[in-house]
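Residue numbers for the sequence shown follow this note's numbering, so the first one is 24 and each next one is one higher.
C-beta: ideal position from N, C-alpha, C; glycine also.
This report concerns only the one structure given below.
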Amino acid sequence: MKSAFVLLAFLAVSQGIIRIPLMRGKSARQQLEERGLFEEYRRMFPYNPAAKLLPTKEQSVVPMTFDPDTTYYGEIGIGTPPQIFKVLFDTGSSDLWVPSMTCTSSACDKHSRFNSSASSTFQAGTKTFTISYYSGYVSGNTGYELIKISNLYVDHQIFGLTETESDFLEFVPWDGILGLAFPGLSHAGGTPLFNNLWNQGKIPHNIFSMYMSGSAEGSMLILGGMDPSYYTGTMNWIPLYKATNYWNIQIQSITINGNTVACSGSCAASVDSGTSLIIGPDKDINNINGWLGASSNPNGDATVSCVIANLLPDVVFNINGYSFALPPSAYVVQSASGCRTGFASGSWILGEVFMRQFYTAFDFSNNRVGFAQAV
């Protein structure tokens, strides 16, 4: 009887949802380290993921900085017939953009480019599209197209067509970005793709969720609901904190061995699939890394010995009465250059390091985020 109930619950939650496989490609850091260029690019393009969380009134363009460790992407089709692009599904922004055939930057040569003349459904837009960088910028125009995502089609979707791109984009494993934050963040001035899916009646629920595997394959973006086969236990829901247009929540404290090491008295954090690490203010991050026995290298990474990494303590995030424990297997990042922690300085962001440990659901209808232990 219990197994029958579980099956019915699974069908109720998962019926009609759309699954988009996510690949975990070789990161920009890995590619640059292989070529001996990482330190050079890190100096040229400072890492400041919190820049995109600035209030809109403080920015005239879409901020984006060099994140050398983002790795997850999935495929969409743009136009008729569909032209295939690999996109980063980013819960920290709200616009869709890909390179265009008219892009003159060398970065575009390494990625797929949209050919508007090869699509029978393309409509040119009237607005320009700009993405700001610390060193250089990306700019282009907007257009409207039929977007294919899995077996669904989104009609008349506004998107950006870049004509220039900063050099560091040559090394990212994806072609463009598909934003999944709230419509108020759209700099292109239109309705984001997921919201159009819901408005056009293409999905059963105004929810999407993500499972990020530690392997190259197996990760999944789920549109229209949740898939309980990717998590264990119950989904723990956290209400959004303040109206920011980001997926912001409130953390009550962060503890190690029962000691509060960060976020004393609570803090607000953005749940952002477009950021690779867990980000927080210098004082808090330094304290966390201090408790973990980490030391800073010339690149600003907090390094630990790979030999003892698995002996490090859990870092526990206390959120809305729930405790979410990150073991060292989740927060220690290993690369060719050694081991480092997944904690870096900036405004509070729970990025890939957190989301790999916890299946994450984003509920537009009820203004909340859900976490459950990933399988």
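Going by DSSP, residue 178 is part of the beta strand (DSSP E) stretching over 175-187.
Put simply, of 240, 207, 373 and 167 the residue whose alpha carbon is nearest the alpha carbon of residue 103 is 167.
DSSP places residue 168 in the strand class (E or B) of the three-state scheme. Residue 178 and residue 170 have their C-alpha atoms roughly 7 Å apart. Going by C-alpha positions, residue 299 is about 21 Å away from residue 261. Inclusion of residue 277 and residue 311 in the CB contact set at 8 Å is warranted, their separation being smaller than that value. The region 112-140 contains, as complete alpha helix (DSSP H) runs of 4+ residues, the segments 129-132 (chain order). When DSSP states are grouped into helix, strand and coil, residue 314 belongs to the helix group. Residue 265 is classed as exposed because its beta carbon has fewer than 16 other beta carbons within 10 Å across all chains shown. In the same chain as residue 367, and ignoring 5 residues on each side of it, the C-beta atoms closer than 6 Å to its own belong to 300 and 302, in chain order. Secondary structure note for residue 242: its beta strand (DSSP E) is the uninterrupted segment 242-246. Setting aside the 5 residues that flank it on each side, residue 207 is surrounded in the same chain by 268, each with a C-beta closer than 7 Å to its C-beta; the list follows chain order.
With a threshold of 16 other beta carbon atoms within 10 Å, residue 249 meets it and is buried.
Within 10 angstroms of the beta-carbon of residue 146 lie fewer than 16 other beta-carbons, which makes it exposed. Setting aside the 5 residues that flank it on each side, residue 282 is surrounded in the same chain by 314, each with a C-beta closer than 8 Å to its C-beta; the list follows chain order. Between the region 113-120 and the region 283-296 there are three or more inter-stretch CB-CB distances shorter than 8 Å, so the stretches are counted as touching. Here the alpha carbons of residue 56 and residue 318 stand approximately 20 Å from one another. Membership of residue 333 in any alpha helix (DSSP H) is not indicated, and neither H nor E is assigned to it by DSSP. Under the three-pair Cβ rule at 8 Å, the region 326-335 does not count as touching the region 236-246. 105 is the residue among 110, 105, 122 and 358 whose C-alpha sits nearest the C-alpha of residue 143. Under the 10 Å beta carbon count, residue 254 is surrounded by 16 or more other beta carbons and is classified as buried.
The Cβ atoms of residue 48 and residue 120 do not sit closer than 8 Å to each other. Looking only at 338, 397, 360 and 375, the smallest Cα-Cα distance to residue 351 is reached by 338.
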